[in-house]
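Participant: Let me begin by handing over the structure; questions about it come next.
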Amino acid sequence: MITFGAPAYLLAGGIAALVPLALHLIRRRPPSRAPLPTARFLSPDPRTSVRVGRPTDLLLLALRMLLLVLTAAAFSRPVWRPAARGTASVVLLDRGAAVAGGDAWLRAVAAARQRLLGPRGEALGAMVLFDSAATVVPPSHVTPALFDSLKAARPAAGSSRYAAGLRAIPAAIGGLREADSVRVALVTRPRWNAWSAGLGPLRDAVWPGAVDLVELPDLETGDAEIVPDNVKAKGAIYFADALERLSFVKPGLEATRWEVLLPTGTAEPALDSARLIVVGRAVPAGLAAALGRAAQAGATVLVTAPVAASLRGLIPWAGAMRVDSVGGGMWLASGPHVSGAATRVSGDAARGASVIASWDDGRPAAAARRLGRGCVVFAATELERGEMTLDAAYPRLLDGLARGCEASDAPSSIDRNAALDAGARAVLRGTGPGVVAARTVPGWGGGVPLGRWVLAAALVVALTETFFAYGRKRAV
Amino acid sequence: MTVRADFLPPGLLEHLGGLELVARTVVRGFQAGIHRSPLRGAGEDFAKHRDYQQGDDVRYLDWKLYARTDRLYVREFEERSNLQAYLVVDASASMEYAGAGGVSKLRYASYLAAALAHLMIGAGDAVGLAAFGAEPRLLLAPKARKGHLHDLMLNLERLRPGGTAGAADILDRLGTSMRRGGRVIVVSDLLEEHGGEALVAAAGRLSARGDEVIVLRVLTPEESGEAAPDAGLFFDPEQPRREVPSTPRGDAGYASRVAAYYASLADRLRERAVEYVPVSTAEPVEQALVAWINRRRG
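Here the protein sequences line up with chains A and B, keeping their order. If you count the first sequence from 1, position 187 lands on 187 in this note's numbering, and the numbers rise without skipping. If you count the second sequence from 1, position 195 lands on 1195 in this note's numbering, and the numbers rise without skipping.
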C-alpha cells in the first residue's frame, strides 16, 4: 500500500497538470514556414494561417502533465508500506557510570533482554545503547549472543545523557518495519547527572507515547544505621535535639514496632528545648498550644496523619482530612520515593504552605510551613505503619520531612549525583499511551520511501519531453 | 531480353562517396538493365588494307583476302569524329529542395549528369558541362578523353544552388558555341517564369539547327503532389517573400495543376522535337535511366 506523507502536494500537482492541458487546448500558433518550389501551384487557404497544435502534440502534452504529477508526487513523500503486525520494543539501555557497581549492569542487561528477546530468542525490537552518545542496535542484531556479550562487558566510566538515548529513538524506530505499533522502555538508574536542559521537549518530540522507566535498585539499600543518641519520647511524642536524628530508624522494622530507642537514665525532656518533635498519635487538647510555642521557638514539629484532626489549627493542611486506605507511594521533593504507605489523608496544602511530597498520582502527600523561627510539617499518612517502613528509602523520607521548611526555603540546588525526583521522572515517563501506532511516530521506517524514485522518474520524463520537444521543433 | 537489375536508391548513393564512384555504380546498374544502349559508339568506317606486320592484332586480319591472295593483310579503319554533347544542369535556388527523401534535386541532377557523362565519354563522345542558376555558365568545353570525366565530376561537385536564372540563356549560348548536330541534355525542375516559354523557345532553336535536345525534368514527390506536405506557410525558394498559407495534402487541385503545367511544357517541347523525360527523385537514378533508354528503344 502506498501512503503519502503530504498528500496536499499530490492534489496541487493534479491541479497544476491541468495548466499544460489548458494551454495545449487554447494555444494556437502560426503554421510552420517551409520552402516548396512549386508553391506557385498552391491555392491559398486562410484557415491554415493559424494552426491548433492538438494532433501532433498529444505526446508532449502527456509528458508535461506526467512531469508535473510526478514532481508533485515526489514532494508528497510517498511511502510503500508492506503489511505489518505486532508490537515492537525499543529499549534504551543506559551503559554509563550510573549502572556501574553491584549487579546493576547485569540487571540492566537482563531487563533489556527480557523486553527484546522472545521465547525462541527472536528479536522483538531494537536497542539503543547510550551513555553520552548512543548506538542503535537494529532488530537483526538483537540476539541472545548480543546480550551475552553485553553481560561480559562493563559500563562506561562517564555519565550518561538521557538526551543522547532519546535522540536515537527515531533511528531505532526507523528500522522497525514489521511492526504496526511500538513501545519504548528506558533501563537506567535515574540520576540528575544524566539529565540535561530541554529534555522534556526533546522527549515529547521524539516519542509521543509514555516511556516505560525501568529503574535499577539504588546502591544505598541497607546503608541506614541505628544511631540511638539524643532521642527522647514523651508518650506519643518523640523528641530529638537534631533534625538528622530521625535517620536512625532501622529499615526492616515492622510498623507496629517502630519505636524510639531512649538512652537509659535520661530525664523527661521539655518541649521547649526540643529541636525536632514528631507527633505520631493523638495528643491531649492542651498540648497543641505547647507544640505551637515550640515551633515558634525554632523547633520543627512533624505531625503525622492520625494527629491531623486534633492539631487542625496548627498543621499546614486544608480540606476534609478524610483518612482512607488507598495509601501508595510517596515522592519526596528532595528525591527519594517510598512505597507502601498504608493510608492517606485527603486534602491539600494550606495557603502559605509548600508541598514537599506527592503521591504517585501527583496529589500532595506532605506540606510544610514556617511558624515563627520553627516549622510545622504535616505528612498525610501514618509514618509508623504500613510497608513503607520496610522501604530502603524510608529513613531519607523521614529526614526529608524533618527538613521540610529547609527544602521549601532553600534555593533549588540539585545534587548531580542524586536520584531524579518525581517530577523529572514524570517528564521522562511522559503522559502518552505506552504503545503507540507505528504510523504516527515521526520517522517511522515501516515502509520504503519512494520520493527519490519518483523524482528520478520525473527527471526521465523531463528529459524525454525535452527530446521530443526538440525533435518536434526540428521537424517544424 | 531484359536483365534484372538491383537499383540503388538516391539516399544510398549519397553515402557512396565521390561522384565518380556514384557514376560508375549507376552506370553498372544501368548497363545491366537496358536492352541495348543507343549511346554506344556508332562503329568505325573501313579505310584500307596493309601488309600484316609482326605485333598486329590478329583480330583485324582479313581472312577472305588471305584465301584469295595467300598473303596476310590487316584492315585499317578511319575513326569517326566524336559527337559533341553538353550536359546542362539547373543550379537555381529551387534545386536545393530535397523533400522528405533527403537528396536534393541538384544532387539528384548531378547523379544523372555524372552517369550520362560516364556513359558518353565511354562511348567516345565529347562531353561538356554548363549550368545555370545565379547566372548561365559554360563550365567545361566538350572533350572525349578519359581524364575529362574527372573534371566533369569535380565541377558537378562544386555546383551550389542559388539564383533564379532560366535555361534559355545558356541554351542560346550553347547554340553559338557548339557545332551543329550535337546533343544537349538539360537536367532541371523546369520551374520557369511565364510557363517556361523562353525555355521552350531556346530548346526549339537548338533542335531546329539539328541538335538533339533532351530535357530531364527532376521533381520531388512533394512537389509533384504524390506526397504533398501538410499544412504550412509555403514559399518558393526563388521568391522567398511570397508566402502562401495552404494545405497541399488536402488541396486536390494542387497535384493536377502541377501535372498540367508539366504536361503543357512537355507538349510544347515535343512539338519542337525536344525529348521530355520526367524523373522523380524518389526513383533510383539508374532505374530512371534504364526506363528512359528502354522507352526510347521501344
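Virtual Cβ for every residue (Gly too), placed ideally from N, Cα, C.
With burial defined as no fewer than 16 other Cβ atoms inside 10 Å of the residue's Cβ, what is the status of LYS1146/B: buried or exposed?
Facilitator: exposed
Participant: Under 9 Å between beta-carbons, which chain B residues line up against ARG452/A? List them in chain order, please.
Facilitator: Simply none; closest approach about 43 Å.
Participant: Output needed for GLY292/A: all residues of its chain with C-beta closer than 6 Å, excluding positions within five of it in sequence on either side, in chain order.
Facilitator: LEU314
Participant: Which residues does DSSP list as the beta-bridge partners of GLN1239/B?
Facilitator: ASP1236/B
Participant: What span of residues does the beta strand (DSSP E) with VAL355/A cover, start to end?
Facilitator: Secondary structure note for VAL355/A: its beta strand (DSSP E) is the uninterrupted segment 354-359.
Participant: Which runs of the alpha helix (DSSP H) spanning at least 4 residues fall entirely within the stretch 1223-1292 of chain B, listed in chain order?
Facilitator: 1252-1271
Participant: How would you write the range of the alpha helix (DSSP H) that PRO170/A sits in, first residue to last?
Facilitator: Under the DSSP assignment, PRO170/A falls in the alpha helix (DSSP H) whose first and last residues are 169-174.
Participant: Please list, in chain order, the residues of the stretch 1233-1251 of chain B that have any C-beta partner in chain A closer than 9 Å.
Facilitator: Taking 9 Å as the Cβ-Cβ cut-off against chain A, the residues of the stretch 1233-1251 of chain B that qualify are LEU1233, PHE1234, PHE1235, ASP1236, PRO1237, GLU1238, GLN1239, PRO1240, ARG1242, GLU1243, VAL1244, PRO1245, SER1246, THR1247, PRO1248, GLY1250, ASP1251.
Participant: Please look up how many angstroms separate the CB atoms of ALA1109/B and VAL1187/B, rounded, as I've assumed it's under 8 Å.
Facilitator: 4 Å
Participant: When you compare the stretch 293-311 of chain A with the stretch 374-381 of chain A, are there three or more beta-carbon pairs, one atom per stretch, that lie closer than 8 Å?
Facilitator: By the Cβ rule, the stretch 293-311 of chain A counts as touching the stretch 374-381 of chain A, because three or more pairs are nearer than 8 Å.
Participant: With distances taken Cα to Cα, identify the nearest neighbour of ALA1126/B among LEU1138/B, PRO1142/B, GLU1193/B.
Facilitator: PRO1142/B
Participant: Taking buried to mean at least 16 other C-beta atoms within 10 Å of its own C-beta, is GLY5/A buried or exposed?
Facilitator: Looking at its Cβ environment, which holds fewer than 16 other Cβ atoms inside 10 Å, GLY5/A is exposed.
Participant: Using CA coordinates, which residue listed in LYS1064/B, THR1176/B, ASP1189/B is at the minimum distance from PRO37/A?
Facilitator: ASP1189/B
Participant: Around the Cβ of TRP80/A, are there at least 16 other Cβ atoms within 10 angstroms (buried) or fewer (exposed)?
Facilitator: Exposed, by the Cβ-count rule.
Participant: Can you tell me the Cβ-Cβ gap for ILE379/A and THR304/A, rounded? I've got them flagged as a contact below 8 Å.
Facilitator: Checking the displayed sequence, the identity of residue 379/A turns out to be Ala instead of Ile. Yes, they are in contact, since the Cβ atoms of ALA379/A and THR304/A sit about 5 Å apart, within 8 Å.
Participant: Helix, strand or coil: how does DSSP classify THR143/A here?
Facilitator: coil
Participant: Closest to VAL211/A by C-alpha separation, out of THR188/A, ASN193/A, SER196/A, GLY198/A, would be which residue?
Facilitator: THR188/A
Participant: Count the other CB atoms, across all protein chains shown, that sit within 10 Å of the CB of THR266/A; report buried if there are 16 or more and exposed otherwise.
Facilitator: Caution applies to THR266/A, whose pLDDT of 40 falls short of 50 and renders its modelled position unreliable; the value that the coordinates give is listed next. So THR266/A counts as exposed.
Participant: Whole angstroms is fine: what's the gap from ASP1070/B's alpha carbon to PHE1077/B's?
Facilitator: 22 Å
Participant: Identify, in the order they occur along the chain, each residue of the same chain with its Cβ nearer than 8 Å to the Cβ of LEU428/A, setting aside the five sequence neighbours on each side.
Facilitator: TYR162, LEU186, PRO190, LEU199, ARG203, VAL211, LEU213, LEU420
Participant: Using a Cβ cut-off of 8 Å, which residues of the stretch 1256-1277 of chain B contact any Cβ in chain A, in chain order?
Facilitator: ARG1257, VAL1258, TYR1261
Participant: Tell me which residue opens and which closes the beta strand (DSSP E) that LEU1119/B is part of.
Facilitator: Unbroken run through LEU1119/B is the alpha helix (DSSP H), 1105-1122; no beta strand (DSSP E).
Participant: Just tell me which of GLY471/A, ALA8/A, GLU382/A, ASP57/A has its CA closest to the CA of LEU21/A.
Facilitator: The shortest C-alpha separation from LEU21/A is found at ASP57/A.
Participant: Run through the DSSP bridge pairs and tell me what GLU1076/B is partnered with.
Facilitator: LYS1048/B
Participant: I'd like to know whether the C-beta atoms of LEU1159/B and ALA1114/B end up nearer to each other than 8 Å.
Facilitator: no
Participant: Is it a yes or a no for the stretch 389-406 of chain A touching the stretch 146-154 of chain A, going by three-plus beta-carbon pairs under 8 Å?
Facilitator: no
Participant: Following the continuous beta strand (DSSP E) through THR300/A, name the residue where it begins and the one where it ends.
Facilitator: THR300/A -> beta strand (DSSP E) spans 300-303.
Participant: Answer yes or no: does any C-beta atom of chain A fall closer than 8 Å to that of ALA1231/B?
Facilitator: Residue-level contact by beta carbon holds for ALA1231/B and chain A, with a gap shorter than 8 Å.
Participant: According to DSSP, which residues form a beta bridge with GLN1084/B?
Facilitator: Paired residue(s): ALA1126/B.
Participant: Does any C-beta atom of chain B lie closer than 8 Å to the C-beta of VAL472/A?
Facilitator: Here residue 472/A turns out to be Arg, not Val, going by the sequence shown. Judged by the 8 Å Cβ criterion, ARG472/A is not in contact with chain B.
Participant: Between the Cα of ALA1167/B and those of ALA1198/B, MET1178/B, ASP1051/B, spot the shortest distance and give me the residue it belongs to.
Facilitator: ALA1198/B
Participant: Starting from ARG40/A, find everything on chain B with Cβ-Cβ shorter than 7 Å and list it in chain order.
Facilitator: ASP1236
Participant: According to DSSP, is ILE1214/B part of a helix, a strand, or is it coil?
Facilitator: strand
Participant: Let me make sure I understand the geometry here. Which of ALA134/A, ALA349/A, TRP317/A has the alpha-carbon closest to that of ILE169/A?
Facilitator: For the residues ALA134/A, ALA349/A, TRP317/A, the minimum Cα distance to ILE169/A belongs to ALA134/A.
Participant: Can you tell which of MET1095/B, ALA1144/B, SER1224/B, ALA1208/B has its C-alpha closest to the C-alpha of ILE1121/B?
Facilitator: ALA1144/B
Participant: Assuming contact is defined by CB atoms lying nearer than 8 Å, are GLU1222/B and ALA1100/B in contact in what I supplied?
Facilitator: yes
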